[in-house]
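Chains as they are written, first to last, in this note's numbering: chain A, 32 to 365; chain B, 10 to 332.
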């Protein structure tokens, strides 16, 4: 499967290492950048992303925080207003709910409310997603909530390449950017360009070309979509896979283009259907590409329950490769 | 006294805030100003005394009752009033209104209308200053209602833990909208909450501008010297309703009248006249100067223009990268 399309000399690393290298680069090359969050320092990061950085850069630039999500996210916003370029790690999106006031009422609004005087160049990284038997309070996929809010940019690196290079672009951006890293991706590995530099973080990217049907997805579901596409290929079904990469802004043109190309669409999102990201994609398709469709659109999303602990139940609640394959058969009516 | 101009300056500043707020109330009645309007009448000594001690480059984070803070920082009254008129010439181009005054030149970071929401931002501004190695101070104002918010405690702890240059200014006017402090807290000595975070915390008579100025001066000097955050509980009282929609069912007229006997402007003026520091003629001159400035501010706001609707989606993202 073709997950990344490296354009330069490449190295092989894990998603976790790719995020770490991105952070290391940023801190080493810009005095204004620092990493702040729960257990990012001495512990090395809850998901071991920042392991080793504390020893390399010290406690000022790899700053451990108390369990005060609203406090330290707000402090990151203030530091950004004060001329720094903070990377704030919220351990997981589940805990980010405690920081919603600062993210939604401060980071997203200050530029507008101040008539353009105060931009907030903060990057907030957080883990999202389920699948590790962590129970309902550690398994949310709420990136769609954040993508609802004007003033924020929301990205979801699904590939090693994006994990490595999206951070640099987010730090260049003068406004708040939230990076969602799916928990299941950290151990995956692949080739990444050694020196690509900042990448575009506003656009979607086709990860696999195909002609019969399109799958639109992002983040932790991309690998499942690509696996499904491989299985479908063996059955003679040519599947195009679009990785959204950016959830706000949504790359509407890319969404409409793939629909216009294949005329059949399956949307895969680990979030819930109701009032969610998949609903928004579907709305845009129905507004601007309804007559391109040859069949009703199918959505493969989490079942509308809190994500349960027991493995069989959790897996039943989440989009699976077999569900995606079944949905494709249904939109193709074969 | 090191600063012989200070008494007259403080007096004029408080008169300016009082007359400005009275004008706002008047303009609200005739519907020139809409939305929420929270007046600072009665509390003038607090912003005046604290901000007088700050230097250029220091930052201020305030609440939705922040006209006085903006004026004390030197933001042009006309631009503040134009903001409330929703005019493009307003400090926030009419995007903010009364509750969201921002000014990059004087480093006024809002105008935050979420109770407690400004405190973490102030901590971050101070963190930036500490990381950059300068000796700036960030003063953050909040009501005693914020003491019940988690963000208050998180911010106090972070500032203390990292020894950040923050001056926490709790404007204790006894009521969180209509809920009296004794109906919201078991421990009503707010300074004890700050002491729990190991920071110096002083109770200050917020109706006495000199007391406020002296406490703030001492705190700011100490903060600039690297002693970490300090906390002032400024005991004050709001003479007017919480906002223009508040029927004030929760407090007695007698209580209000009792506090009005301690009017920060009247008591200071009386003291200065008794000490022959400011004569009654000089006070009349101050009132006349202020009246001229306020007339000019009204004229500026009236003459302001409306931002064209086609600019509606500006300032969602910074313009150098937009579209």
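For every residue, glycine included, the Cβ atom is placed at its ideal position computed from N, Cα and C.
Can you tell me the Cα-Cα spacing of residue i and residue j, whole angstroms?
i, j, result
"residue 196 of chain A", "residue 345 of chain A", "32 Å"
"residue 109 of chain B", "residue 307 of chain B", "19 Å"
"residue 29 of chain A", "residue 322 of chain B", "Nothing can be reported for residue 29 of chain A: it is not among the residues displayed for chain A, which extend from 32 to 365."
"residue 236 of chain A", "residue 228 of chain B", "55 Å"
"residue 365 of chain A", "residue 264 of chain A", "14 Å"
"residue 151 of chain B", "residue 91 of chain B", "24 Å"
"residue 197 of chain B", "residue 156 of chain B", "10 Å"
"residue 183 of chain B", "residue 266 of chain B", "15 Å"
"residue 349 of chain A", "residue 249 of chain A", "14 Å"
"residue 312 of chain B", "residue 73 of chain B", "25 Å"
"residue 67 of chain A", "residue 86 of chain A", "15 Å"
"residue 203 of chain B", "residue 127 of chain B", "17 Å"
"residue 310 of chain B", "residue 137 of chain A", "27 Å"
"residue 140 of chain A", "residue 150 of chain A", "9 Å"
"residue 355 of chain A", "residue 252 of chain A", "10 Å"
"residue 160 of chain A", "residue 44 of chain B", "41 Å"
"residue 145 of chain B", "residue 135 of chain B", "8 Å"
"residue 60 of chain A", "residue 309 of chain A", "38 Å"
"residue 108 of chain A", "residue 116 of chain A", "9 Å"
"residue 195 of chain B", "residue 122 of chain A", "34 Å"
"residue 216 of chain A", "residue 156 of chain A", "14 Å"
"residue 315 of chain B", "residue 96 of chain B", "5 Å"
"residue 232 of chain A", "residue 51 of chain A", "18 Å"
"residue 286 of chain A", "residue 327 of chain B", "25 Å"
"residue 58 of chain A", "residue 119 of chain A", "13 Å"
Excluding the five sequence neighbours on either side, which residues of its own chain have a C-beta within less than 8 Å of the C-beta of residue i, listed in chain order?
i, result
"residue 332 of chain B", "Low confidence applies to residue 332 of chain B: its pLDDT is 38, below 50, so where it sits in the model is not reliable, and the reading given next is rough at best. If we look at residue 332 of chain B and ignore the five residues flanking it on each side, it has no Cβ neighbours."
"residue 357 of chain A", "none"
"residue 362 of chain A", "244, 295, 296, 297, 326, 327, 328, 329"
"residue 69 of chain B", "60, 63, 78, 82, 115, 116, 117, 118, 147, 148, 149, 150"
"residue 229 of chain A", "196, 199, 200, 203"
"residue 182 of chain A", "138, 139, 140, 142, 143, 206, 207"
"residue 43 of chain A", "220, 221, 222, 223"
Might you give, ordered along the chain, the residues of its own chain that have their beta carbon closer than 6 Å to the beta carbon of residue i, omitting 5 neighbours on each side?
i, result
"residue 37 of chain B", "46, 253"
"residue 212 of chain A", "158"
"residue 298 of chain B", "none"
"residue 295 of chain B", "21, 24"
"residue 240 of chain B", "177, 203, 208, 210"
"residue 237 of chain B", "172"
"residue 154 of chain B", "124, 185"
"residue 269 of chain A", "241, 242, 243"
"residue 13 of chain A", "No answer is possible for residue 13 of chain A: it lies beyond the span of chain A, which begins at 32 and ends at 365."
Tell me the residue span of the alpha helix (DSSP H) that contains residue i.
i, result
"residue 31 of chain B", "15-38"
"residue 71 of chain B", "Segment 68-71 is the beta strand (DSSP E) holding residue 71 of chain B; no alpha helix (DSSP H) there."
Following the continuous beta strand (DSSP E) through residue i, name the residue where it begins and the one where it ends.
i, result
"residue 12 of chain B", "Unbroken run through residue 12 of chain B: none, as it is neither H nor E."
"residue 221 of chain A", "220-224"
"residue 44 of chain A", "41-45"
"residue 147 of chain B", "147-152"
Give me, in chain order, the residues of the same chain whose beta-carbon lies closer than 7 Å to that of residue i; leave out the 5 immediate sequence neighbours on both sides.
i, result
"residue 34 of chain A", "Confidence in residue 34 of chain A is poor, its pLDDT being 49 and thus under 50, which makes the residue's placement unreliable; the coordinate value appears in the next sentence. The answer, listed in chain order, is 190, 221, 238, 257."
"residue 206 of chain B", "165, 166, 169"
"residue 93 of chain A", "66, 71, 72, 81, 84, 85"
"residue 29 of chain B", "76, 80, 86, 303"
"residue 96 of chain A", "67, 68, 69, 103"
"residue 135 of chain A", "180"
From this set, the options, which residue's C-alpha is nearest residue i's C-alpha?
i, options, result
"residue 153 of chain A", "A:111, A:123, A:313, A:268", "A:111"
"residue 63 of chain A", "A:45, A:91, A:47, A:275", "A:91"
"residue 170 of chain A", "A:337, A:219, A:155, A:353", "A:337"
"residue 81 of chain A", "A:48, A:287, A:323", "A:48"
"residue 271 of chain B", "B:43, B:42, B:50, B:145", "B:50"
"residue 166 of chain B", "A:233, A:101, A:339", "A:101"
"residue 78 of chain A", "A:108, A:106, A:46", "A:46"
"residue 276 of chain A", "A:192, A:340, A:318", "A:192"
"residue 168 of chain A", "A:206, A:128, A:179", "A:128"
"residue 124 of chain B", "A:133, A:148, A:156", "A:133"
"residue 318 of chain A", "A:55, A:163, A:290, A:72", "A:290"
"residue 11 of chain B", "B:226, B:234, B:277", "B:226"
"residue 1 of chain B", "B:41, B:26, B:55, B:328", "There is simply no residue 1 of chain B to check, as chain B begins at 10 and stops at 332 in what is shown."
Spell out whether any CB of chain E is found under 8 Å from the CB atom of residue i.
i, result
"residue 325 of chain B", "Absent here is chain E; the protein component of the structure consists of chains A and B."
Is residue i near the ligand MN, going by C-beta to nearest heavy atom under 7 Å?
i, result
"residue 147 of chain A", "Only the bare structure without any ligand can be found here, which leaves the ligand MN out of the picture."
Quiz item: In chain order, which continuous runs of the beta strand (DSSP E) of length 3 or greater are located wholly inside the segment 210-291 of chain B?
Solution: 210-214, 239-244
Self-check item: Every unbroken beta strand (DSSP E) within the segment 172-208 of chain B, with a cutoff of 3 residues, ordered by chain
Solution: 175-181
Self-check item: Length-filtered (4 minimum) alpha helix (DSSP H) runs lying within the segment 183-210 of chain A
Solution: 191-203
Exercise. Run through the segment 310-352 of chain A for me and flag every whole alpha helix (DSSP H) of 4 or more residues, listed as ranges in chain order.
Key: 342-348
Exercise. Could you name each continuous beta strand (DSSP E) segment of 3 residues or more that falls completely within the segment 214-277 of chain A, going from the start of the chain to the end?
Key: 220-224, 236-239, 244-248, 270-274
Practice problem: Kindly provide the ranges of any beta strand (DSSP E) runs that are 3 or more residues long and lie completely inside the segment 87-160 of chain A, ordered along the chain. | Solution: 93-95, 116-123, 154-159
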